[in-house]
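Visitor: In order, the protein sequences belong to chains Y and P. For the first sequence, counting from 1, position 257 maps to 257 in this note's numbering; every step adds exactly one. For the second sequence, counting from 1, position 38 maps to 304 in this note's numbering; every step adds exactly one.
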Amino acid sequence: MLINTGIPTKEDLAKVDPSAERLAQGPVAIVECFQEIPCNPCVDACKRNAINIEGDINGLPIVDFEKCNGCGVCIAHCPGLAIFVIDKTYSESHAVVRLPYEFVPLPEKGQLACALNRAGEELGNFEVVRVISGGAKNKTTTIWLAVPQDLAMEVRSIKAPNSAPNIQNSAPGLQSSPTDTLICRCEDITLDEIRRVIADGYRTIDEIKRVTRAGMGPCQGRTCRQLIAQELSRHFGIPMEEVLMSTFRPPVKPVKLGSFVKGGDL
Amino acid sequence: MKKAYDIVIIGGGITGCALGFELAKRGRKDILIIEKEYLTSGATGRCGAGIRQQWGTVLNATLARDSTYLFENLEEYTGYKGDCGLNQGGYLIVAYTEAEWTQFQKNLELQHGLNIPVQKLDPQGAKEIVPHLNTEGLYGATFCPTDGHADPFHCTFAYAKGAERLGVEIATYTEVTGLRTAGDKIIGVETTKGYVQAGTVINASGYNASAITKMVGMEVPVYPERHQILITEPVNHIQDPMVISFHYHFYCQQTPHGSFIMGIGDPTEPVSYNIQSSWKFMEDCATQVTHSLPILKNIRVVRQWGGLYDMSPDANPVIDEMKGASGLYTVAGFSGHGFMVAPKTAIIIAQQLTGEKPDIDLHLFSANRYETGELLLEPSVV
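Right, dumping it as structure tokens:
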């Protein structure tokens, strides 16, 4: 299940993939978006009106593959990094996967990058053929990766070049320790504090919320809930899906008290 | 968990944990606290956490007064490293009807007799303490500066950690499924983790109290009733006291953290284990609170939740040994004010069970008062 694992299944992908004939004609966008959330920048990004959302803003985007020319503008506009452009006409042996990337350091043209599938598994090292900056207002970079034809529908990300130790060398500001890694941004709770209360015997997200206030702030745990679940999963050696979730309480976002008054204005 | 304990306490809320601590402090060994989920997962962790000494009966006022003294030093008293979050900003109790105002003046006399420092205020005086209070329709108010609120989680954890240091065992995620008796004597507790023998069993399970006594075929008139609360984003400090109205059933306080916590009772709420959040509550609470404290209309609500009062017919607890099952004690039915009286109540019960002379006579909380009709009606509940 996508909702539990974060990884789309073959059935999920069958709903969004273009036909083999369309892929053979040249570059085309694939929107691997499966969550009905209120989001539509992809619709506005496409100058050819090839992306539409059915119903209200919560609907899933649908690509008109005949209108799409694979320009790739939409890639950097998707906040969920869910859009890719596949060009199977790159060469006899290779296809190009254009993918969004938001980590530093960026790979450079001509370098080899380790390709990853949707589950984050390594598929081999392939050549970066182009790196396109998203511009000053959009920090999402588009990476063009030339991969063997048979991996074109598998490769969806790359591993950060030169892995962890060198990241510290190239960007000292990115180093972090448990004492300055924030888990709950609303209440300023660090990873160190979370680890301390787990060591102290608090076993669930709800207990940790009560003892530290993590998740009680304006965002109501949207970020920290998952991060605390990860820590619990690691500490107790249990899979993420077995970590007991905390209760999701209304309202979903902060709403003025006056808005709820009988006969009042929203 | 061992196979046998001297005392088994059912319920890991503030009452159960304080009892475990007070019993161990008096030298009792082999104590087990059984909690169905985690500590504070029931009423304690969902309560408004107010601490109020302004009661209308001598017994409740005395228990609350002495408990307040204990809350004032709870960290030191239990040896807790955390902060129990006590904030004594006072309680401002506002009167909107003449009958209410007459009752408050009677209460005031009673409270003064117990050295509880309560002041009588006219509407202007109330406005001096809470400048954003709407005094329309207000008869007057009473104010006790040493009332306040504390953190229900940390207070409970303080007692639990203190109890564990004194040798008390706490079994969380363990549910009581049955009680065993021999003749008319309690002998043990069946749980989802196995059977344990017990010399004494204390039923501190709040709104589940009658489900527990039914396991030995006995009824106590304690039933669950949903109450809801909402909390806002934190803002600058503007309100010291809890503002509370019995007439409109609402209360509203600002925590040291800056959030406003408020709730409103619904007199039509049925007996039920339902703890779902309702739109009706949100609307009722917003409407009443923004009428009485208009400035709050622009503060954003971040969360609402429901919890259960362990209600009794006279809004006072049953604290008694069960006739026909000696060794089984019920300590439940606090009807929404269990948190604020738990520290002193635990001491008195521990004194009774260890043969000490109790500081306060609790016979008015006996179980048979519902049969004899000698109810202890409390005029000051929300």
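All C-beta atoms, glycine included, are put in the ideal place defined by N, C-alpha and C.
1. Once the 5 residues before and after residue 258 (chain Y) are set aside, which same chain residues still bring their CB inside 7 Å of it?
2. Restricting to runs no shorter than 4 residues, where is the alpha helix (DSSP H) found entirely within the segment 214-239 of chain Y?
3. Can you find the residues in the same chain that come closer than 7 Å, C-beta to C-beta, to residue 126 (chain Y), ignoring five residues on each side of it along the sequence?
4. Report yes if the CB atom of residue 605 (chain P) is closer than 8 Å to the CB atom of residue 418 (chain P), and no otherwise.
5. Using the three-state DSSP reduction, which class does residue 34 (chain Y) fall into: helix, strand or coil?
6. Around the Cβ of residue 170 (chain Y), are there at least 16 other Cβ atoms within 10 angstroms (buried) or fewer (exposed)?
7. Indicate the three-state DSSP secondary structure (helix, strand or coil) for residue 247 (chain Y) in the structure shown.
8. Alpha helix (DSSP H) containing residue 524 (chain P): first to last residue?
9. Tell whether a beta-carbon distance below 8 Å holds between residue 509 (chain P) and residue 384 (chain P).
10. Give a yes or no on whether the minimum CB-CB distance between residue 605 (chain P) and chain Y is below 8 Å.
11. Please report the straight-line C-alpha distance between residue 65 (chain Y) and residue 37 (chain Y), rounded to a whole angstrom.
12. If you draw a straight line from the alpha carbon of residue 530 (chain P) to that of residue 190 (chain Y), how long is it in whole angstroms?
13. What does the alpha-carbon distance come out to for the pair residue 493 (chain P) and residue 573 (chain P)?
14. Are residue 470 (chain P) and residue 340 (chain P) touching if we call contact CB-CB under 8 Å?
15. Would you decide whether residue 279 (chain P) is buried or exposed? Buried here means 16 or more other CB atoms lie within 10 Å of its CB.
16. Less than 8 Å between CB atoms is the rule here; does residue 27 (chain Y) satisfy it with respect to chain P?
17. Hey, how far is the Cα of residue 300 (chain P) from the Cα of residue 460 (chain P)?
18. In chain order, what residues of the segment 229-262 of chain Y put their CB closer than 8 Å to some CB of chain P?
19. Do residue 362 (chain P) and residue 513 (chain P) have their beta-carbon atoms positioned less than 8 Å apart in this structure?
20. Which value, in whole angstroms, describes the spacing of the CA atoms of residue 438 (chain P) and residue 303 (chain P)?
21. Buried or exposed: which applies to residue 533 (chain P), given that a residue is buried once 16 or more other Cβ atoms fall within 10 Å of its Cβ?
22. Since residue 564 (chain P) meets chain Y, which of its residues come closer than 8 Å, beta carbon to beta carbon?
23. By DSSP's criteria, residue 455 (chain P) is part of a beta bridge. Which residues make up the other side?
24. Is there a Cβ of chain P sitting closer than 8 Å to that of residue 2 (chain Y), yes or no?
25. What first and last residue would you give for the alpha helix (DSSP H) that runs through residue 282 (chain P)?
26. In this structure, what does DSSP give as the bridge partners for residue 65 (chain Y)?
27. For the beta strand (DSSP E) containing residue 656 (chain P), name the first residue and the last one.
28. Quick check on residue 427 (chain P): buried or exposed, where buried means 16 or more other Cβ atoms within 10 Å of its Cβ?
29. If distances are taken between C-alpha atoms only, which option among Y:104, Y:83 and Y:234 comes closest to residue 155 (chain Y)?
30. Checking 8 Å against the spacing of the C-beta atoms, do residue 100 (chain Y) and residue 158 (chain Y) come in under that value?
31. Quick one: what does DSSP say residue 503 (chain P) is sitting in, helix, strand or coil?
32. Quick one: which unbroken alpha helix (DSSP H) runs of 4-plus residues sit fully inside the segment 296-343 of chain P? Chain order, please.
33. Are the C-beta atoms of residue 304 (chain P) and some chain Y residue less than 8 Å apart?
34. Using a Cβ-Cβ cut-off of 6 Å (strictly less than) and excluding sequence neighbours within five positions of residue 434 (chain P), which residues of its own chain qualify?
35. Looking at chain Y, which residues of the segment 568-581 of chain P have a Cβ within less than 8 Å of any of its Cβ atoms?
36. Exposed or buried, what is residue 545 (chain P) when buried is set at 16 or more other beta-carbons lying within 10 Å of its beta-carbon?
Guide: Reading off the structure:
1. Numbered from its first residue, the first sequence carries residue 258 (chain Y) at position 258. Counting only Cβ-Cβ distances below 7 Å, and skipping sequence neighbours, we find 264.
2. 224-236
3. Within the first sequence, the letter at position 126 stands for residue 126 (chain Y). 112, 113, 115, 145, 146 and 147.
4. Here residue 605 (chain P) refers to the residue found at position 339 of the second sequence. Here residue 418 (chain P) refers to the residue found at position 152 of the second sequence. Result yes, Cβ atoms of residue 605 (chain P) and residue 418 (chain P) sit closer than 8 Å.
5. Translated into the one-based positions of the first sequence, residue 34 (chain Y) becomes position 34. Correct three-state label for residue 34 (chain Y): coil.
6. Your numbering for residue 170 (chain Y) matches position 170 in the first sequence. Legend: pLDDT at residue 170 (chain Y) = 41, less than 50; position of this residue unreliable, value from coordinates given subsequently. Residue 170 (chain Y) should be labelled exposed.
7. For the purposes of this step, residue 247 (chain Y) is identified with residue 247 of the first sequence, where counting begins at 1. Residue 247 (chain Y) falls in the coil class under three-state DSSP.
8. Here residue 524 (chain P) refers to the residue found at position 258 of the second sequence. First-last for residue 524 (chain P): undefined, no H or E at that position.
9. The residue you call residue 509 (chain P) lines up with position 243 of the second sequence. The residue you call residue 384 (chain P) lines up with position 118 of the second sequence. For residue 509 (chain P) and residue 384 (chain P), no; Cβs fall outside 8 Å.
10. In the second sequence, counting from the first residue as 1, residue 605 (chain P) sits at position 339. So, not an interface residue.
11. Taking the first sequence and counting its residues from 1, one reaches residue 65 (chain Y) at position 65. Taking the first sequence and counting its residues from 1, one reaches residue 37 (chain Y) at position 37. A direct Cα-to-Cα measurement between residue 65 (chain Y) and residue 37 (chain Y) gives close to 23 Å.
12. What you label residue 530 (chain P) is simply residue 264 of the second sequence in a count that begins at 1. What you label residue 190 (chain Y) is simply residue 190 of the first sequence in a count that begins at 1. Whole-angstrom Cα-Cα distance: 35 Å.
13. Here residue 493 (chain P) refers to the residue found at position 227 of the second sequence. Here residue 573 (chain P) refers to the residue found at position 307 of the second sequence. So the alpha carbons of these two residues sit roughly 6 Å apart.
14. Within the second sequence, residue 470 (chain P) is the residue found at index 204, counting from 1. Within the second sequence, residue 340 (chain P) is the residue found at index 74, counting from 1. Not a contact, by the Cβ cut-off of 8 Å.
15. The count along the second sequence starts at 1 and reaches residue 279 (chain P) at position 13. It is buried - the Cβ of residue 279 (chain P) has at least 16 other Cβ atoms within 10 Å.
16. The residue you call residue 27 (chain Y) lines up with position 27 of the first sequence. Cβ-Cβ to chain P under 8 Å: no for residue 27 (chain Y).
17. Position 34 of the second sequence holds residue 300 (chain P). Position 194 of the second sequence holds residue 460 (chain P). Residue 460 (chain P) has its alpha-carbon roughly 12 Å from the corresponding atom of residue 300 (chain P).
18. 247, 249, 250, 251, 254, 255, 256, 257, 258, 259, 260, 261 and 262
19. As a position in the second sequence, residue 513 (chain P) is number 247, starting the count at 1. As a position in the second sequence, residue 362 (chain P) is number 96, starting the count at 1. Cβ atoms of residue 513 (chain P) and residue 362 (chain P): closer than 8 Å.
20. On the second sequence, position 172 is the one that residue 438 (chain P) refers to. On the second sequence, position 37 is the one that residue 303 (chain P) refers to. If I take the Cα positions, the gap works out to 6 Å.
21. The residue labelled residue 533 (chain P) in the question sits at position 267 within the second sequence. So residue 533 (chain P) counts as exposed.
22. In the second sequence, residue 564 (chain P) corresponds to position 298, counting from 1. Result: 256, 257 and 258.
23. Translated into positions along the second sequence, residue 455 (chain P) becomes position 189. The partner list for residue 455 (chain P) (beta bridge, DSSP) reads P:445 and P:462.
24. Within the first sequence, the letter at position 2 stands for residue 2 (chain Y). Not an interface residue.
25. Residue mapping note: residue 282 (chain P) aligns to position 16 of the second sequence, counting from 1. That run of the alpha helix (DSSP H) goes 280-291.
26. As a position in the first sequence, residue 65 (chain Y) is number 65, starting the count at 1. Paired residues: none, contrary to the question.
27. Outside the displayed span of chain P (267 to 648) sits residue 656 (chain P), for which this structure offers no information.
28. Taking the first residue of the second sequence as position 1, residue 427 (chain P) is located at position 161. Answer is buried; the Cβ neighbour count reaches 16.
29. Within the first sequence, the letter at position 155 stands for residue 155 (chain Y). Residue Y:83 holds the alpha-carbon nearest to the alpha-carbon of residue 155 (chain Y) among Y:104, Y:83 and Y:234.
30. By one-based count along the first sequence, residue 100 (chain Y) stands at place 100. By one-based count along the first sequence, residue 158 (chain Y) stands at place 158. No, the pair does not count as a contact, with Cβ atoms beyond the cut-off.
31. Numbered from its first residue, the second sequence carries residue 503 (chain P) at position 237. The answer is coil: DSSP assigns residue 503 (chain P) none of H, G, I, E or B.
32. 324-338
33. Working through the second sequence from its first residue, we reach residue 304 (chain P) at position 38. Output row for residue 304 (chain P): interface = yes.
34. For the purposes of this step, residue 434 (chain P) is taken as the residue at position 168 of the second sequence. Same-chain partners within the cutoff: 286, 290 and 297.
35. Cβ contacts with chain Y: 568, 569, 570 and 571.
36. The count along the second sequence starts at 1 and reaches residue 545 (chain P) at position 279. That one is exposed.
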